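Participant: Handing you a structure now.
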Amino acid sequence: MAKEINNSVGILTEDKLRERLNCDLIVRPILDNKKQVSEGSINLRLGTKFITTRRTEYGVLSPSELSAFTIRKFQTKLYYRFGQKILLHPNQLLLASTFEFIGLPPNLSAHVLSRSRYGRAGLIVATATYVHPNWKGTLTLELVNYGAAPIELECGAQIAQLVVQEATPLKRKTKKTKLVHIPTEPEFVEMDKDKDWELLKLFRKLSGLEEN
Amino acid sequence: MVQVFQSATYYRQKVEEQIHHLELLLNELLNEIPPSGPFKFAEANIKLIEIVKKFFLKEIQQSTVDEDIISRCKKYLDFLQKFTKNVVPFLESINEAFIPSELLFSLTHQTKQLAKKLNFSDNFDLRLCPRWDFNYGIYAYKNYIQTSLDMFPVDLFPELLKGLPSFPELFIFINYPRTESRNILLHSIIMHELGHLVDFQTCISDTICLKINIDETSFLKLYNKEKESEKSKQKDMQATDDELIQSLFDKCLEITKKWLSEFVCDSIATHLLGPPYFFALFELSTLTDNMYRYSECHPSSGIRLRFISDELYEMYLKNNNKLSNEKESELILNLYEYLKQKEKANAFKPTSSGNDYFQVVYETILPYRTLLQKTVRQKINTLSYDVNKFNNEVDDLFKDIKSGVPPSEFRSQHTNKNSSASFASILNCGWLACLFGMDDFYSVVSATKDADKLKALDNFNELLFKSIESSYILQEWLKK
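These protein sequence lines are chains P and D, in that order. Be aware that the first sequence starts at 12, since it is given in this note's numbering, and climbs by one per residue. Be aware that the second sequence starts at 4, since it is given in this note's numbering, and climbs by one per residue.
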């Protein structure tokens with residue numbers, strides 16, 4: 012056990028990042044190899060596909076009442092070109108994805124973070140920031156503008172960073188029973204897929220908060 | 004009272020209404036066109052209608068005689084209706100989910116490269132446009148806008164160009180089946196459609212056609228048959244021998260030209276892509292049950308595939324040209340032998356119960372197979388996707404896609420660095436995986452049930468689309 016802890020190097024810095032990029036860490040394409048890989052992270056670019064909210068189509072996002080159909084009525088896809096500009100208004104949520112496809116080996120995990128130069132304008136790029144070992148796909152970014160003025164974003168701009176760290180791989184092999192989707196574009200709301208809400212409904216009934 | 008619908012005032016009002024409706028429609032469509040849609044084409048057409056409207060009002064004001072006004076109005080109504088039928092479908096607002104936009108930029112880039120290397124103008128605007136029937140096609144409006152203005156006594160084209168500084172010489176629309184918009188492998192057929200553009204610009208099939216002699220034996224059979232049927236007509240309705248021969252010859256030549264163009268485009272697509280075009284055409288022919296069916300525009304898919312298999316044999320199986328992937332090599336060889344046998348057994352020969360011209364054209368073209376292949380090869384030799392390109396790139400890419408990674412980069416043997424994969428290599432890797440690697444892919448995404456496999460196949464396509472987008476942008480980025 013002690014040996015494993017000693018082997019852990021924590022967050023990967025540039026040399027290690029480059030070494031792993033040549034080996035088992037996938038970040039593709041890296042358009043600017045010199046500048047995109049920096050001391051402690053890899054800069055990620057904004058992709059070309061987005062999901063936005065149709066506010067007129069839905070009232071409340073209630074996981075127990077959502078379905079793939081209602082989600083598609085509530086959210087809609089937008090397709091942009093590489094280099095094209097997209098405006099993000101104050102307090103607007105826009106789902107985007109990284110232009111880069113990311114693939115982590117079993118012994119690496121990562122966090123996707125805002126870049127400070129955008130953060131200072133009020134832009135948050137991700138709220139669900141953790142990326143599991145073995146994960147593959149383009150990362151869905153939850154872009155929110157917390158600033159006072161609209162922000163003009165450009166598809167292809169380096170707006171996020173990936174901080175990669177070593178992880179202790181599982182000793183047992185996990186057997187996947189459900190179909191795995193490898194995303195290549197932002198993903199729709201999936202709150203309904205957490206089936207806990209059925210049990211929680213039961214608790215509400217037991218507490219008399221909801222009738223049978 | 005009946006005159007209400009026939010007066011000059013009525014006609015004039017209706018033309019103005021039709022123009023107004025069309026203006027509203029075009030502007031609405033322009034607003035709805037997605038980023039990868041035909042903006043320039045829409046703008047040109049809006050400008051065209053603006054000019055038509057201006058000219059109509061001027062013409063009508065100059066005229067005082069009712070009959071003259073009505074006749075002019077009828078001309079305009081006819082134009083407006085034809086315009087709506089021929090142009091508007093290409094401007095229909097299309098949900099971008101149905102446009103494989105990742106493909107558009109790569110295709111435009113490749114077509115420009117073709118234009119550069121084959122010395123034809125690259126001043127075109129290429130767009131992808133879905134259609135409801137299960138087929139592919141190409142529409143090129145070269146002088147459409149210009150010829151639309153022919154109805155006016157003065158040349159209005161310069162006026163139209165004033166407002167459109169970057170007016171392309173050619174508007175190209177490539178059609179594909181809407182239901183298959185996200186089926187990247189089937190889109191290999193698009194290379195055949197681009198072949199039509201190359202053929203149109205470089206006149207390959209016209210050059211071959213000049214060297215072709217109509218097959219005498221089958222032509223004589225056709226002539227005798229037609230002569231017999233002429234006899235059943237009234238004497239004064241019967242054609243003279245010369246007239247009959249000329250009309251039969253013209254018709255045979257017309258069909259020969261069309262079929263030749265199809266064979267030439269098949270050959271171009273095979274050179275540009277390699278096996279994916281062959282596989283995709285096989286698939287399309289199976290799905291549309293077209294293997295033995297001939298039409299005046301197209302030879303049967305069976306004989307086309309036979310020609311293509313010959314080309315593939317030369318490119319990937321003969322002598323030192325050996326594909327590194329044994330399974331694919333074996334499959335192509337098997338299909339080559341199968342098609343060869345079928346041809347030998349006359350399975351692809353048009354039946355005598357069908358159109359009599361088809362037998363003549365079939366017998367005419369077959370002896371010129373080598374000439375056709377040689378001519379295309381000479382023309383686009385340097386652009387050919389040869390066996391070395393396949394062997395250097397596809398193995399790496401194949402490993403990636405099987406493990407669920409977009410096959411956009413491969414390890415270059417020369418630089419030992421990652422290089423962006425070519426469009427042809429991505430499609431080759433995609434087909435290879437589709438034929439021999441899907442079990443690996445299904446296992447990576449844990450797809451065991453049939454319904455899951457269908458979803459996994461969608462995912463597989465999206466990964467290929469992603470790699471086309473990534474590799475194209477990487478290539479362009481590195482050039483800057």
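Even for Gly, the Cβ is constructed at its ideal location relative to N, Cα and C. Predicted, not measured: the structure shown is a model, and the values here were computed from it.
1. Excluding the five sequence neighbours on either side, which residues of its own chain have a C-beta within less than 6 Å of the C-beta of asparagine 293/D, listed in chain order?
2. Ignore the nearest five residues each way along the sequence and tell me which others in tyrosine 129/P's own chain have a CB closer than 6 Å to its CB.
3. Please classify lysine 469/D as buried or exposed, where buried requires at least 16 neighbouring CB atoms within 10 angstroms.
4. Would glutamate 111/P be called buried (16 or more neighbouring beta carbons within 10 Å of its own) or exposed?
5. Could you check whether threonine 205/D and lysine 377/D sit closer than 8 Å to each other, using their CB atoms as the reference points?
6. Less than 8 Å between the C-beta atoms of leucine 200/D and isoleucine 148/D, yes or no?
7. Does the Cβ-Cβ distance between leucine 32/D and leucine 94/D come in under 8 Å?
8. Would you please verify whether the beta carbon of tyrosine 141/P is less than 8 Å from any beta carbon of chain D?
9. For a contact defined as C-beta to C-beta under 7 Å, what are the partners of glutamine 95/P on chain D?
10. Any contact of the segment 119–138 of chain D with the segment 84–104 of chain D, i.e. 3+ C-beta pairs under 8 Å?
11. On the CB-based measure, 16 or more other CB atoms within 10 Å of its CB, does aspartate 399/D come out buried or exposed?
12. Provide the residue(s) that pair with phenylalanine 501/D in DSSP beta bridges, ordered along the chain.
13. What number of angstroms, rounded off, separates the C-alpha of aspartate 318/D from the C-alpha of glutamate 412/D?
14. Less than 8 Å separating the beta-carbons of phenylalanine 426/D and glutamine 113/D?
15. Is the distance from the Cβ of threonine 354/D to the Cβ of leucine 315/D below 8 Å?
16. Under 8 Å by Cβ, that's how I've got serine 108/P and leucine 152/P pegged, so tell me the actual separation to the nearest angstrom.
17. Which first and last residues belong to the alpha helix (DSSP H) in which glutamate 257/D is found?
18. Inspect the beta-carbon positions of asparagine 464/D and glycine 277/D and report whether they are closer than 8 Å.
19. What's the C-alpha gap between leucine 326/D and leucine 369/D?
20. Please confirm if the segment 80–99 of chain P is in contact with the segment 198–206 of chain P, defined as three or more CB-CB distances below 8 Å between the two stretches.
21. Please list the partners that isoleucine 53/P has in chain D, where partner means a Cβ-to-Cβ separation under 8 Å.
22. Using a Cβ-Cβ cut-off of less than 8 Å, give me the residues of the segment 169–193 of chain P that come near chain D, in sequence order.
23. For serine 52/P, count neighbouring Cβ atoms within 10 angstroms of its own Cβ and tell me buried if that reaches 16, exposed if not.
24. Pull up the CB-CB distance for cysteine 104/P and threonine 64/P, whole angstroms please, since I reckon it's below 8 Å.
25. Can you find a CB in chain D that lies within less than 8 Å of the CB of isoleucine 37/P?
26. Output the residue ranges of the beta strand (DSSP E) runs that lie fully inside the segment 81–117 of chain P and measure 3 residues or longer, sorted by chain position.
27. Scan the segment 275–337 of chain D and note each continuous alpha helix (DSSP H) run of 4 residues or more that stays entirely inside, going in chain order.
28. In whole angstroms, give me the CA-to-CA distance for valine 267/D and glutamine 241/D.
29. Kindly list the residues whose CB is nearer than 8 Å to the CB of isoleucine 16/P, restricted to its own chain and excluding five residues on each side of it in sequence; keep chain order.
30. Could you tell me which whole beta strand (DSSP E) segments of length 3 or greater appear in the segment 205–237 of chain D?
31. Among Val91/D, Ser109/D, Ala47/D and Trp135/D, whose alpha-carbon lies nearest the alpha-carbon of lysine 165/D?
32. Looking only at its chain, what residues have a beta carbon closer than 7 Å to the beta carbon of alanine 132/P, apart from the 5 residues adjacent to it on each side?
33. On the CB-based measure, 16 or more other CB atoms within 10 Å of its CB, does aspartate 253/D come out buried or exposed?
34. Under the DSSP definition of a beta bridge, which residues are partnered with phenylalanine 413/D?
35. If you drop the 5 nearest sequence neighbours on each side, which residues of the same chain put their C-beta closer than 6 Å to that of isoleucine 193/P?
36. Closest to arginine 181/D by CA distance: which of Ser423/D, Asp209/D, Glu162/D and Phe137/D is it?
Facilitator: On the basis of the coordinates in this document:
1. Ser304
2. Ile170
3. Under this definition lysine 469/D is a buried residue.
4. buried
5. Lysine 377/D places its beta carbon 8 Å or farther from that of threonine 205/D.
6. no
7. yes
8. no
9. Pro38
10. yes
11. buried
12. A query on residue 501/D cannot be resolved here, the shown segment of chain D reaching from 4 to 483 and no further.
13. The sequence given here has methionine at residue 318/D, not aspartate. Rounded to whole angstroms, methionine 318/D to glutamate 412/D spans 24 Å at the Cα level.
14. yes
15. no
16. Contact holds; Cβ gap of about 6 Å.
17. Where glutamate 257/D is concerned, the enclosing alpha helix (DSSP H) stretches over 244–276.
18. no
19. 28 Å
20. yes
21. Per Cβ cutoff of 8 Å: no residues; isoleucine 53/P is ~15 Å from chain D at best.
22. Lys187, Thr188, Lys189, Leu190, Val191, His192 and Ile193
23. buried
24. According to the sequence as given, residue 104/P is leucine; it is not cysteine. Right, their Cβ atoms sit about 7 Å apart.
25. yes
26. 86–90, 96–99, 104–108 and 112–114
27. Restricting attention to alpha helix (DSSP H) runs no shorter than 4 residues, the segment 275–337 of chain D encloses them at 278–291 and 304–315, ordered along the chain.
28. 38 Å
29. Summary for isoleucine 16/P: the model assigns pLDDT 47, below 50, so the residue's position carries little reliability; its value from the coordinates is reported in the next sentence. Answer for isoleucine 16/P: no residue qualifies.
30. none
31. Ala47/D
32. Gly158 and Ile162
33. exposed
34. Ser422/D
35. Lys147 and Gly148
36. Phe137/D
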